[in-house]
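Residue numbers (full-length UniProt numbering), protein chains in the order written: chain A, 1 to 121; chain B, 1 to 121; chain C, 1 to 121; chain D, 1 to 121.
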């Protein structure tokens, strides 16, 4: 990522969450263990929106439900950014490196349309 | 987010994931249900790194473990961005709106240092 | 459940897990926080077996996969029994009470075949 | 488990859940994918009770909270039993087999008090 003058999204969120926690003296609760638990809790709230829906219904959510899911996805992102910060991990850099790893692990010409490769995580 | 000419991080990841899936014809597996399941699976891999560690050990991870956790956090971000895209949800916008909701729900002067408010999600 | 002389399954598992942990001096790791994290980690391993499969494929797992899923379900049960024990919770009794609550919350004549009630947990 | 005339706990729960689902025509929603998602959702509700608590607070839950956790553990057990049934898996047998595998994998004399072995799941 080119070093730009403008603040990137993930860094802006990181800073906003630092301010948020500091203003409330909530840093004491933000241990990596706790944040990891909060992260998976929010991921579960995303899962709940789809658990009784069919694959088709999941792809055509009514607007109110989609709006709720958007906020649950937001919760996951917020805890993810906060956890990365507390662990001093560069999240954007890690994401780019993982993409590169995936590109190498699943070469397009070999992995095309195949479920078996894709399921063997 | 100001409409800027340069591609933002989250949009860049979104586009990279679109290309990745298309090149492998994996869109068929990327239903919201499946992606939600993959998302929580990756969150669980983050949790696993901390489940037997104490709060103190969790905050002082050895470098190799921290490097592994970085890639697990990356996996969560990648599936999160992909799921938002498939649902046509603007993730960055949702995150900013949720931050604002949290600011209003937990006013700094009332929520300061208190665990009870913070636990009542 | 009638008070029987023979040891019930859940109590037998509870005792076996107590012996297992004690013999290895692992009680120190079995705090409720840690066990809750381990529990959800195992649930995630169950989810992983189905995340890329269609609903139909999920219902017709090949034998080797089914055997693996059986052991993942076992892992969930073992951590569940251990966590209940550490919290001094009677798991079998709680299950019966929750069934009764569900019976009252979703009367058969009203809830028949309806997804909306069932999704509003 | 000795073949006994009296119905075991897990089998009794299995049958009660079969009746419950049938009376409401909810079998259509009980695909393995959906049940796996419901299972992890309930595990997340257990995790939520502990995420902001310290290890010590987690071990000394106030009675009302403990009562709530008991019902969450019950939810996990109910979905676990239901999922095993839908997959035609003998849950009690799988649990006993997994215990035996764990006994062999972590010999007491070698695994005693050591966190490293225990974390390498």
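Heads up, the beta-carbon is just placed ideally off N, CA and C, and yes, glycines get one too.
Which value, in whole angstroms, describes the spacing of the CA atoms of residue 88/B and residue 76/B? By one-based count along the second chain, residue 88/B stands at place 88. By one-based count along the second chain, residue 76/B stands at place 76. Computed Cα separation, rounded: 18 Å.
Report the three-state DSSP secondary structure of residue 25/C (helix, strand or coil). By 1-based counting over the third chain, the position of residue 25/C is 25. Coil at residue 25/C, not helix or strand.
Quick check: the segment 32 to 50 of chain B against the segment 67 to 74 of chain B, are there 3 or more CB pairs under 8 Å? yes
Taking the C-alpha atoms as reference points, what is the distance between residue 2/B and residue 103/B? Here residue 2/B corresponds to residue number 2 of the second chain, with the count starting at 1. Here residue 103/B corresponds to residue number 103 of the second chain, with the count starting at 1. The predicted position of residue 2/B is uncertain, since its pLDDT is 44 and thus under 50; no value can be drawn from it.
Measure the alpha-carbon distance for residue 112/C versus residue 28/A and round it to whole angstroms. Within the third chain, residue 112/C is the residue found at index 112, counting from 1. Within the first chain, residue 28/A is the residue found at index 28, counting from 1. Whole-angstrom Cα-Cα distance: 47 Å.
Taking DSSP as the reference, what is the three-state secondary structure of residue 71/B? As a position in the second chain, residue 71/B is number 71, starting the count at 1. Here residue 71/B sits in helix by DSSP.
By Cβ distance, which residues of its chain are closer than 8 Å to residue 95/D, with the 5 residues on each side in sequence left out? Residue mapping note: residue 95/D aligns to position 95 of the fourth chain, counting from 1. Cβ neighbours of residue 95/D beyond the five flanking positions: none.
For residue 41/B, report the span of its alpha helix (DSSP H) as first-last. In the second chain, residue 41/B corresponds to position 41, counting from 1. Counting along the chain, the alpha helix (DSSP H) containing residue 41/B begins and ends at 32 to 48.
Would you say the segment 13 to 24 of chain A touches the segment 26 to 44 of chain B, given that touching needs at least three Cβ pairs under 8 Å? no
To the nearest angstrom, how far is the alpha carbon of residue 81/A from that of residue 110/B? Counting from one through the first chain, the residue named residue 81/A turns up at place 81. Counting from one through the second chain, the residue named residue 110/B turns up at place 110. Their backbone Cα atoms lie some 24 Å apart in a straight line.
Measuring only between beta-carbons, confirm whether residue 40/A sits less than 8 Å from chain C. Counting from one through the first chain, the residue named residue 40/A turns up at place 40. At least one chain C Cβ lies under 8 Å of residue 40/A.
Roughly how many angstroms lie between the CA atoms of residue 59/D and residue 22/D, to the nearest whole one? Locating residue 59/D in the fourth chain gives position 59, where the first residue counts as 1. Locating residue 22/D in the fourth chain gives position 22, where the first residue counts as 1. Rounded to whole angstroms, residue 59/D to residue 22/D spans 39 Å at the Cα level.
Kindly say whether residue 29/C, judged by its beta-carbon, lies nearer than 8 Å to any beta-carbon of chain B. For the purposes of this step, residue 29/C is taken as the residue at position 29 of the third chain. Taking Cβ atoms only, chain B reaches closer than 8 Å to residue 29/C, which makes this a yes.
Please classify residue 105/A: is it buried, with 16 or more other beta-carbons within 10 angstroms of its beta-carbon, or exposed? Along the first chain, read from residue 1 onward, the residue named residue 105/A stands at position 105. Around the beta-carbon of residue 105/A, fewer than 16 other beta-carbon atoms lie within 10 Å, marking it exposed.
Beta carbons nearer than 8 Å to chain B: which residues of the segment 42 to 56 of chain C have them? From the segment 42 to 56 of chain C, only 43, 44, 45, 47, 48, 50, 51, 52 have a Cβ closer than 8 Å to chain B.
Within the 8 Å Cβ cut-off, does residue 105/C reach chain D? Looking up residue 105/C in the third chain gives position 105. Chain D contact via Cβ: absent.
Please classify residue 85/B: is it buried, with 16 or more other beta-carbons within 10 angstroms of its beta-carbon, or exposed? Position 85 of the second chain, counted from the start, is the residue given in the question as residue 85/B. With 16 or more other Cβ atoms within 10 Å, it is buried.
Determine the burial state of residue 42/A: buried for a count of at least 16 other Cβ atoms within 10 Å of its Cβ, exposed for fewer. Taking the first residue of the first chain as position 1, residue 42/A is located at position 42. Buried.
For residue 40/A and chain G, any beta-carbon pair shorter than 8 Å? Absent here is chain G; the protein component of the structure consists of chains A, B, C and D.
Could you list which residues in chain D have their beta carbon closer than 8 Å to that of residue 75/C, in chain order? Residue 75/C sits at position 75 when you count from the first residue of the third chain. At a beta-carbon threshold of 8 Å, the residues of chain D lying near residue 75/C are 98, ordered along the chain.
Going along chain D, which residues have a C-beta under 7 Å from residue 126/A? Because chain A spans 1 through 121 in this model, residue 126/A falls outside it and cannot be assessed.
Once DSSP output is grouped into helix, strand and coil, what is the label at residue 62/A? Residue mapping note: residue 62/A aligns to position 62 of the first chain, counting from 1. If DSSP states are grouped into helix, strand and coil, residue 62/A belongs with coil.
Indicate the three-state DSSP secondary structure (helix, strand or coil) for residue 90/A in the structure shown. Residue mapping note: residue 90/A aligns to position 90 of the first chain, counting from 1. Residue 90/A: coil per DSSP, three-state reduction.
Quick one: Cα of residue 8/C to Cα of residue 13/D, how far? One-based indexing of the third chain puts residue 8/C at position 8. One-based indexing of the fourth chain puts residue 13/D at position 13. Cα-Cα distance, rounded: 13 Å.
Any Cβ of chain A within less than 8 Å of the Cβ of residue 18/B? Locating residue 18/B in the second chain gives position 18, where the first residue counts as 1. No, no contact with chain A.
Residue 10/C beta carbon less than 8 Å from that of residue 99/C: One-based indexing of the third chain puts residue 99/C at position 99. One-based indexing of the third chain puts residue 10/C at position 10. In this structure, residue 10/C does not lie closer than 8 Å to residue 99/C by Cβ.
What is the DSSP secondary structure of residue 53/A, reduced to helix, strand or coil? Within the first chain, residue 53/A is the residue found at index 53, counting from 1. If DSSP states are grouped into helix, strand and coil, residue 53/A belongs with coil.
Simplified DSSP assignment, three categories, for residue 106/A: As a position in the first chain, residue 106/A is number 106, starting the count at 1. Annotated three-state conformation of residue 106/A is coil, per DSSP.
Drop a sphere of 10 angstroms on the beta-carbon of residue 67/C, count the other beta-carbons inside from all chains shown, and report buried for 16 or more, exposed for fewer. In the third chain, residue 67/C corresponds to position 67, counting from 1. Residue 67/C is exposed by the Cβ-count criterion.
Excluding the five sequence neighbours on either side, which residues of its own chain have a C-beta within less than 6 Å of the C-beta of residue 108/B, listed in chain order? Reading the second chain from its first residue, position 108 is the one you call residue 108/B. Excluding positions up to five away in sequence, the list is empty.
Would you mind working out which of 40/A, 30/A, 25/A, 24/A sits nearest residue 55/B, comparing C-alpha positions? Here residue 55/B refers to the residue found at position 55 of the second chain. For the residues 40/A, 30/A, 25/A, 24/A, the minimum Cα distance to residue 55/B belongs to 30/A.
Where residue 78/B and residue 65/B are concerned, what is the direct C-alpha to C-alpha distance, given to the nearest angstrom? In the second chain, residue 78/B corresponds to position 78, counting from 1. In the second chain, residue 65/B corresponds to position 65, counting from 1. Computed Cα separation, rounded: 20 Å.
Taking only beta-carbon positions, decide if residue 68/A is within less than 8 Å of chain B. Position 68 of the first chain, counted from the start, is the residue given in the question as residue 68/A. So, not an interface residue.
Helix, strand or coil, according to DSSP, for residue 114/B in the structure here? If you number the second chain from 1, residue 114/B lands on position 114. Coil, per DSSP.
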